[in-house]
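Numbering (this note's numbering), first residue to last: 5 to 170. The beta carbon of each residue, even a glycine, is placed where N, CA and C say it ideally should be. Okay, so here's the structure we're looking at.
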Amino acid sequence: MGCYLGDKEVIMPIVYKTGSLFDAPPGSMLIHAVSTKSVWGSGIAKEFKARFPESFEFYSELCQEEGERLIGTFMECPEENCHNIVNLVTSIDYGVNKDPKDQILANTKHALTNLFELHKGGFHGELHSCKFNSGLFGVPWDETEKILIEVLDKAGYVEPWTVWQI
């Protein structure tokens, strides 16, 4: 399936499913966006914290050690409950102090680019995400999706990336 980005046709391996991201098959990488403040206190992050407490601790410790230097990067947590959690660090803060939309989108592009550069040889599981950035960070999904498509195209990634929506 293709779509057009400007005048260029790109392969769009994004697959949409209705249901919970946590229904992704065992061995999947579950991807969401986070801040550098080591808090998974609301939205889908709160659900991640309840289901993956060791991944939260991993994330929290890195945030406390590295702080704002993590912006625009990602954290891939060790396997827990048959999944690997991938945190895209797209905002320094959250809530009313979250970064402006344009900065979140730029950080998203950097984080995704870094993720695909590290995994040039392939991923060790299927990629599944929520509509990251579109919840409490307030970025319209279509703007994040455009960046995701650009990064997938540049990386030559043609395997499915499943986006779960309720």
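Three-state secondary structure (DSSP) at residue i?
i, result
"residue 88", "strand"
"residue 5", "For residue 5, the predicted model reports a pLDDT of 44, less than 50, meaning its position is unreliable and no value from the coordinates is stated."
"residue 162", "coil"
"residue 18", "strand"
"residue 153", "helix"
"residue 147", "helix"
"residue 131", "strand"
"residue 140", "coil"
For residue i, which residues in the same chain have their Cβ closer than 8 Å to its Cβ, ignoring the five residues on either side in sequence?
i, result
"residue 88", "32, 33, 34, 80, 81, 82, 128, 129"
"residue 19", "164, 165, 166, 167"
"residue 30", "86, 87"
"residue 148", "109, 112, 135, 136, 137, 138"
Just checking residue i against the ligand MG - is the residue's beta carbon closer than 7 Å to any of the ligand's heavy atoms?
i, result
"residue 53", "Here there are no bound small molecules, and the ligand MG is not part of this structure."
Is the beta carbon of residue j closer than 8 Å to that of residue i?
i, j, result
"residue 17", "residue 155", "no"
"residue 25", "residue 132", "yes"
"residue 39", "residue 98", "yes"
"residue 76", "residue 139", "no"
"residue 119", "residue 90", "yes"
"residue 96", "residue 70", "no"
Going along the chain, which residues of its own chain have a beta-carbon closer than 7 Å to the beta-carbon of residue i, five neighbours each way excluded?
i, result
"residue 169", "20, 22, 135"
Got a sec? Which residues, its chain only, sit under 6 Å from residue i by beta carbon, not counting five neighbours each side?
i, result
"residue 185", "In the structure displayed, the chain extends from 5 to 170; residue 185 sits before or after that span and is not available."
I'd like to know whether the C-beta of residue i is nearer than 8 Å to at least one C-beta of chain D.
i, result
"residue 99", "Here there is only one protein chain, and chain D is not present."
- Message: Does the contact criterion of 3 or more C-beta pairs under 8 Å hold for the region 100-112 versus the region 46-62?
- Response: For the pair of segments examined, the region 100-112 was found not to touch the region 46-62: the number of CB pairs separated by less than 8 Å stays below three.
- Message: Going residue by residue through the region 86-121, where are the continuous beta strand (DSSP E) segments of at least 3 residues, counting only ones entirely within it?
- Response: Within the region 86-121, the complete beta strand (DSSP E) segments of 3 residues or longer fall at 88-95, listed in chain order.
- Entirely enclosed alpha helix (DSSP H) segments - the region 43-78, minimum 4 residues: Along the region 43-78, the alpha helix (DSSP H) occurs as fully enclosed runs of 4 or more residues at 47-55, 57-70, listed in sequence order.
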